[in-house]
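Our numbering puts the first residue of the sequence shown at 176, with every later residue one more than the last.
Heads up, the beta-carbon is just placed ideally off N, CA and C, and yes, glycines get one too.
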Amino acid sequence: MAHVKIFDTTLRDGEQSPGVNLNRLEKLEIAKQLERFGVDVMEAGFPASSQGDFESVREIANTVKNVSVTGLARAVKSDIDTAWEALKGGTDPRLHVFLATSPIHMTYKLKKTPEEVIDTAVEMVRYAKTKFSKVEWSAEDASRSDLEFLARIIEKVIDAGATVINLPDTVGYTTPYEYGQMFQYIKQNVPNIEKADLSCHCHDDLGMAVANSIAAVENGATQVEGTINGIGERAGNAALEELAVALKIRQDFYSIETGLVLNEIKRTSDLVSKLTGMHVPRNKAVVGQNAFAHESGIHQDGVLKHAQTYEIITPEMVGVKSNSLVMGKHSGKHAFKDKLKQLGYELSDEKVMEAFTEFKKLTDSKKEVTDDDLFTILTEIQTQTADIKKYVLNGFQVEYANGPQPVATVQLMKPDETEIEGSARGQGAVEALFNTLDTLIEEDVHLTDFNLTSIGRGRDALAQSNVKVTVNGTEFSGRGSSQDVLEAAVKAFLNGVNRGFYYHAPVKAQGASY
Ligand code: KIV
Ligand code: ZN
Numbered sequence: 176m177a178h179v180k181i182f183d184t185t186l187r188d189g190e191q192s193p194g195v196n197l198n199r200l201e202k203l204e205i206a207k208q209l210e211r212f213g214v215d216v217m218e219a220g221f222p223a224s225s226q227g228d229f230e231s232v233r234e235i236a237n238t239v240k241n242v243s244v245t246g247l248a249r250a251v252k253s254d255i256d257t258a259w260e261a262l263k264g265g266t267d268p269r270l271h272v273f274l275a276t277s278p279i280h281m282t283y284k285l286k287k288t289p290e291e292v293i294d295t296a297v298e299m300v301r302y303a304k305t306k307f308s309k310v311e312w313s314a315e316d317a318s319r320s321d322l323e324f325l326a327r328i329i330e331k332v333i334d335a336g337a338t339v340i341n342l343p344d345t346v347g348y349t350t351p352y353e354y355g356q357m358f359q360y361i362k363q364n365v366p367n368i369e370k371a372d373l374s375c376h377c378h379d380d381l382g383m384a385v386a387n388s389i390a391a392v393e394n395g396a397t398q399v400e401g402t403i404n405g406i407g408e409r410a411g412n413a414a415l416e417e418l419a420v421a422l423k424i425r426q427d428f429y430s431i432e433t434g435l436v437l438n439e440i441k442r443t444s445d446l447v448s449k450l451t452g453m454h455v456p457r458n459k460a461v462v463g464q465n466a467f468a469h470e471s472g473i474h475q476d477g478v479l480k481h482a483q484t485y486e487i488i489t490p491e492m493v494g495v496k497s498n499s500l501v502m503g504k505h506s507g508k509h510a511f512k513d514k515l516k517q518l519g520y521e522l523s524d525e526k527v528m529e530a531f532t533e534f535k536k537l538t539d540s541k542k543e544v545t546d547d548d549l550f551t552i553l554t555e556i557q558t559q560t561a562d563i564k565k566y567v568l569n570g571f572q573v574e575y576a577n578g579p580q581p582v583a584t585v586q587l588m589k590p591d592e593t594e595i596e597g598s599a600r601g602q603g604a605v606e607a608l609f610n611t612l613d614t615l616i617e618e619d620v621h622l623t624d625f626n627l628t629s630i631g632r633g634r635d636a637l638a639q640s641n642v643k644v645t646v647n648g649t650e651f652s653g654r655g656s657s658q659d660v661l662e663a664a665v666k667a668f669l670n671g672v673n674r675g676f677y678y679h680a681p682v683k684a685q686g687a688s689y
């Protein structure tokens, strides 16, 4: 059985999805979950891109022990130096440095001749090797590059010390056959290719990212790059959970194994979806809500008689559990702590107390507290930044009387502990609340997306709201949950605004919070 390494780039390429901006603690939570999922390499960010990214990459590198942590760098010395500073404390640091090789990128973006591109790539890999023992070099836009040129530059960067050669389909243009042929060509025409791992990195613009990745593996790739839920630039990257399950279910055909822990898939997918605000479509392969739902009578009948008639993946394989009833009003702290352990959470005593208080509050109004409810409470507690929150919700009211439109009143607390209050009308309760918030918030804020979903079933289910807001011209996502849909919406709006506030705050403040 051949082994293929898994390189996760959820925190770098995935975080480049429009409107996604994770704070330090959110990135750390995802990194810890990726470690449980068993990825071989995780790309924690692009350290030279911002102070916040630098801090996050450093914290992840210093925390995660069983995964090699990497960071992206352009082919310039200062990026490589910054990446080294961020990664050097890790147990197995590596650098990911890239330079474009396609005629269109070299001519119009880099304004360099092919020979100059070779010289820069070789020089930067050599420089990187003075710091890192492991260096991945990516030929950006490889799938639209000249094959003979690609073979020439790869041979030289391997001689310069590259330990992994990545051939991205940067714009999601290639097809499985073509991409496979490219890997075959490189294997056959680069004399020193055996000295490096060969990696694939596919984007999903034509919906072929997973198929292209598998074609690369069939033709010699020893590493696959991708993201959880396939999030990423434009249409996203290859979805790692799909790839993992495809290789497992069709092991009879591919004879390839990965080190991934498949029953961590659901939890990893849920966490990434919740923290990024990128919803998983119901019909998405492997992790969509409908992936295990059988609707037609014929299918239901078949599954009842023999599950494999219509079910090739079992829910258990990917960690989908029936939404078990956990605890209620009378559950004590010990039972609660046991449950946290069962769910795999490691919380400080202070956070356990906070979680227990939230859990108790919920049991006052909700009879059945499920694993999904707990997951929501715990994720919020684990990822809350304790520092600057510009606006804190103190209270709100909505009145439907006295006029054709409801009127909302909101009380907010500012950092200097002064309370501000305002009122406004709207076509409905949500609009009235958002209009009121607009009048209270100093920043220039525009709502660009608003979403409301329920966590679990039942009329007393928790509501989760996700919004996208532009704050002083930059888009941010925000999320909030509550049993009350209006409160969830207000919390999400404020969460987006507060993230925008961190982002626009001076770099020193960002370092501490973003
Ligand atoms: O898609 C791409 O080419 C990339 C590179 C930076 C590796 O993400
Ligand atoms: Zn990419």
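The shortest CA-to-CA distance from N364 to any of D372, T349, Q483 and E330 is the one to E330.
With a 10 Å radius around the Cβ and a threshold of 16 neighbouring Cβ atoms, Q398 comes out buried.
In this structure N641 does not touch D619 by the C-beta definition: roughly 21 Å separates them, more than the 8 Å allowed. Less than 8 Å separates the beta-carbon of S652 from that of K643. Taking the C-beta atoms as reference points, G347 is found nearer than 8 Å to A410.
Taking A583 as reference, the option from K207, K589 and V573 with the minimal CA-CA separation is V573.
Distance between R319 and T305, taken at the CA atoms: about 31 Å. By the CB criterion at 8 Å, G264 and A223 fall outside the cutoff.
Taking 7 Å as the cut-off, one finds no heavy atom of ligand 1 near enough to the beta carbon of L285. Every unbroken stretch of the alpha helix (DSSP H) spanning 4 or more residues and falling wholly within the segment 226–314 is given here in chain order: 226–238, 252–262 and 289–304. Residue environment for P590: exposed (fewer than 16 other C-beta atoms within 10 angstroms of its C-beta). In the three-state scheme derived from DSSP, where H, G and I count as helix and E and B as strand, L522 is classed as coil. The C-beta distance from T245 to R269 rounds to 5 Å, short enough to fall under 8 Å.
Set against 7 Å, the gap from the CB of P278 to the closest heavy atom of ligand 1 is not smaller. Relative to ligand 2, the beta carbon of N412 is positioned inside 7 Å of a heavy atom. Relative to the non-hydrogen atoms of ligand 2, the Cβ of H271 never comes closer than 7 Å to any of them. By the CB criterion at 8 Å, V216 and K252 fall outside the cutoff. In this structure the segment 199–208 does not lie against the segment 416–431, because fewer than three pairs of beta carbons, one per stretch, are closer than 8 Å.
A direct Cα-Cα distance of roughly 21 Å separates Q557 from G631.
DSSP places I595 in the uninterrupted beta strand (DSSP E) bounded by E594 to R600. In the DSSP assignment, L568 forms a beta bridge with L587.
The same chain holds no residue with a CB closer than 6 Å to that of G633 once the five nearest residues on each side in sequence are set aside.
The DSSP assignment places 339–344, 372–377 and 398–401 as complete runs of the beta strand (DSSP E) inside the segment 326–404, in order along the chain (cut-off: 3 residues).
Membership of F609 in the alpha helix (DSSP H) is indicated by the continuous run A604 to L615. Going by DSSP, R442 is part of no beta strand (DSSP E) but of the alpha helix (DSSP H) stretching over I440 to T451. At a cut-off of 7 Å, the beta-carbon of D188 counts as near ligand 2: some heavy atom of the ligand is closer than that. For the 8 Å CB-CB criterion, L373 and G395 form a contact. Of the residues L450, L247, W259 and E315, the one whose Cα lies closest to the Cα of I552 is L450. A straight line joining the alpha-carbon of D624 with that of L515 spans about 33 Å. DSSP lists no bridge partner for D659. For P343, the distance from the CB to the nearest heavy atom of ligand 1 is below 7 Å.
With a cutoff of 8 Å on beta-carbon distance, A576 and L661 are scored as not near each other. Partner residues in the beta bridge of F182, as assigned by DSSP, are V216 and E400.
By the neighbour-count criterion, in which 16 or more other beta carbons inside 10 Å mark a residue as buried, N196 falls on the buried side.
The Cβ-Cβ distance between A317 and L285 does not fall below 8 Å. Within the DSSP bridge table, the entry for F534 names no partner.
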